[in-house]
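Counting in the working numbering, the sequence shown runs from 5 upward without gaps. This report concerns only the one structure given below.
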Amino acid sequence: MGVGALSELAVGYRGADELATVSDLDAGDHVVATLTDAFPTRETFLREGF
């Protein structure tokens, strides 16, 4: 996982399941589920790009 994908996950811009789908996250299902619980997606108001 690159710093851009990690940043998107941390602020809730994209979820772990989406990152895994587009190959930005290479992890097993249990890891994706744990990350989804730890970093839920939410509406973000960032104008900066990742």
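The C-beta atom is built at its ideal place from N, Cα and C for all residues, glycine as well.
Under 7 Å between C-beta atoms of residue i and residue j
i   : j   : result
G16 : R46 : yes
Distance, residue j Cα to residue i Cα
i   : j   : result
V35 : A14 : 15 Å
T40 : R51 : 23 Å
T48 : A37 : 21 Å
D33 : F43 : 15 Å
S11 : R18 : 9 Å
Where residue i falls: helix, strand or coil (DSSP)
i   : result
L29 : coil
E22 : helix
T48 : coil
Min CB distance residue i to chain D below 7 Å
i   : result
F49 : Given the protein chain composition of this structure (a single chain), no chain D is represented.
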